[in-house]
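Protein chains in written order, with UniProt numbering: chain R, 1 to 482; chain E, 1 to 250. Everything below concerns the one structure shown next.
If you want it as structure tokens, here you go:
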């Protein structure tokens, strides 16, 4: 008899290792732990940055010292000791003139484990890719093809040197240095990240993609991404994240700034699968991220995220709808299992007339996890005829997890129309039995039900990402019903 | 095909089935009738493997093999199909996607390759025509916002797709208007063959005007108390169940 019960499934799930939990033995150059002005200067010097950049970092660092870590999120954790982290770690063999052939074979092997073969990516998916391991960007493909259209896609460290006029003009304009505790920290110590500029009227012919990976122990990752879509341009940008399994918590504090000038459109998709910690809640990445986009006239920014990893997530990809007729969208699937905690959502700030925003959030909680949606819809006094639609759905598995919704609405204009819908449901035994009766085993049935629940958001992802996301959902949730 | 021997079952320590014996041969249609609370739906759930019920005694044999300890999906893989009295909704999962998953899981369990997409499409076209189903209907979320009739027709569509050896129709006539009833019954009749069997569980005789049973059994208080041919259904329709009760007590 091979009766496979939910209990068996639970056991199997608990024993399932984090698939990306390998550590690659690459020779790294890592700074001593701790943070002070000297370290900030050292990072800047290491990156051969111009003086204005060093000053900008120092300004951020001084502000950060005066700030306190926020505590309003619905998450509980031991605060990281910021003096026990190393703020710079780089795979040693980095040559600024590298091509793909020059990349450390160990690194290439690592990408293979991650399921990304650069060659394949190049040929099959038409994706230009930048990969950031620990703190340094190691491979940017497709540069030439993009260059012909005037598109700049490179590590931000390179952009600071080669396109200072663009970086200086836009860096910190959407997320100022002093925006919040983690943004200030990031501004002081960020070591790399991606930079992207799409010239006027250009439609980027391929998906741009960055893959982030924390590899070294005891390091933090502070990447900085800046995407500028000039007037009438279009770009779709993908971001993926993984980290090795470690007992201690690793810190990830990124900042992403998007700037969509008049009539431009940016689509930004994330599949975040940082190590979530083990089943007892030990280890895992602290993911404290500030993501914000600015829309000028008739511009549009869409954030789509699939969040399955991290021990603690604190993340609110937002849109400032400054220009008239601009559009902001936020589509999110956040999955928490075991002891994971997520406090995620968005802010839609309507400043211009006829601005429109849509929020679709799908939270899935299993195990002993806590999953919170936190969203702010703010309508400014000038924002005539602003519209917002929000839908927050929560799916619970089992009796030990929690789902929370914190919607905030502030309207200073009486012509605004704001709609909010929220539902909470549980995967029912009757649903599972129905699937079983049709020959679908419990594990597969849950995947099917979860995928159905998440469909509205999965549909927003670029095709090849949607497949990866679907697989991730299955891995994260197998056997969590009960 | 199906052989049930001395089946006792209970839910939360309350005995509902008290020794059922039933023989269904390939090519036969059996009807199980009985008053509310007699255990009709319990019987269908137990054959399908619903774990909320505990089999305390007896056995359920499908083609000679005891299936009473198998998981519900394993029974499905062996050809047991239950048309639910209350089909559940699965939001966001289309009928097509659901059927594709179900068929391929069964094929996988039986050591077969996945069904090629073109074959799947052909099968869907064929079976939806058989049941007069609008193809647009197949891209809707499973049972979500379906009318009672649509739900039941969808159950029979699934049956047609899965081609089971033993089909159990649990109160399939409830919630159907006369046209839908005719379509559903026609579908079942067309699917009937020498190699499969149908167990119709129903309250009323009217479905049996369309799906003609070879045998009719009366289930009362957890036992089959009377069996006969199709004329028994007509008699029940006319006289109700009380006379059987009295016969029993006599």
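Beta carbons: idealized from backbone N, C-alpha and C, even for Gly. All figures in this text were calculated on a predicted structure; none of them were measured in a lab.
For the segment 216–239 of chain E, the beta-carbon criterion of a distance under 7 Å to any beta-carbon of chain R is satisfied by none of its residues. Between residue 160/E and residue 196/E, the gap from beta carbon to beta carbon reaches 9 Å or more.
Judged by their CB atoms, residue 274/R and residue 281/R are not nearer to each other than the 9 Å cut-off. Boundaries of the beta strand (DSSP E) around residue 91/E: 90–94. With a threshold of 16 other beta carbon atoms within 10 Å, residue 400/R falls short and is exposed. Among the residues of the segment 153–172 of chain E, those with a Cβ less than 8 Å away from any Cβ of chain R are 158, 162, in the order of the chain. Contact of residue 433/R with chain E is assigned, a C-beta pair being separated by under 9 Å. Under the DSSP assignment, residue 265/R falls in the beta strand (DSSP E) whose first and last residues are 265–272.
Under a criterion of Cβ atoms nearer than 7 Å, no residue of chain E is adjacent to residue 398/R; the nearest Cβ is some 17 Å distant. Residue 121/E is classed as exposed because its beta carbon has fewer than 16 other beta carbons within 10 Å across all chains shown. For the segment 33–61 of chain E, the set of positions with a beta-carbon nearer than 9 Å to some beta-carbon of chain R reads 45, 48, 49, 50, 51, 52 in chain order.
Counted as a single uninterrupted DSSP element, the stretch harbouring residue 110/E is not any alpha helix (DSSP H), since DSSP gives it neither H nor E. Of the residues 337/R, 287/R, 159/R, the one whose Cα lies closest to the Cα of residue 317/R is 287/R.
Distance from the CA of residue 177/E to the CA of residue 190/E, rounded to the nearest whole angstrom, comes to 20 Å. Taking the C-beta atoms as reference points, residue 254/R is found no nearer than 9 Å to residue 67/R. Counting along the chain, residue 455/R sits inside the alpha helix (DSSP H) bounded by residues 442–458.
At least 9 Å separates the beta-carbon of residue 396/R from that of residue 414/R. Using a 10 angstroms sphere on the CB of residue 220/E, the tally of other CB atoms reaches 16 or more, which defines it as buried. Cβ-Cβ separation between residue 60/R and residue 191/R: approximately 14 Å, too far for a contact (criterion under 8 Å). Nearest in C-alpha terms to residue 206/R, of all of 234/R, 200/R, 223/R, is 234/R.
In the displayed model, residue 348/R falls within a strand according to three-state DSSP.
Taking a 10 Å sphere around the C-beta of residue 212/E, we find fewer than 16 other C-beta atoms and assign the residue as exposed. At least one beta carbon of chain R lies nearer than 9 Å to the beta carbon of residue 106/E. Inclusion of residue 362/R and residue 453/R in the CB contact set at 9 Å is warranted, their separation being smaller than that value. Check the Cα spacing between residue 322/R and each of 340/R, 308/R, 306/R, 299/R: the tightest is with 299/R. Neighbours of residue 67/E in chain R, taken as residues whose beta carbon is under 7 Å from its own, are absent, since the nearest beta carbon is some 10 Å off. The beta carbon of residue 152/R lies closer than 8 Å to those of 146, 159, 163, 166, 195, 196, 197 in the same chain, with the five residues before and after it left out.
Residue pairing by DSSP places residue 32/E opposite 201/E, 217/E in a beta bridge. In this structure, residue 105/E sits near residue 444/R, with a CB-CB distance shorter than 9 Å. Under the Cβ distance rule, residue 73/E counts among the residues neighbouring chain R, one pair being separated by less than 9 Å. What residue 473/R touches in chain E, judged by beta-carbon distance under 9 Å, is nothing: the nearest beta carbon there is about 12 Å away. In the DSSP assignment, the residues bridged to residue 62/E are 2/E, 65/E. In terms of Cβ geometry, residue 436/R and residue 73/E form a close pair [threshold 9 Å]. For residue 125/E, the enclosing alpha helix (DSSP H) has its first and last residue at 117–130.
The beta carbon of residue 180/E sits closer than 8 Å to those of 149, 152, 153, all from its chain and outside the five residues before and after it, given in chain order.
Beta-bridge annotation (DSSP): residue 202/R is not paired with any residue.
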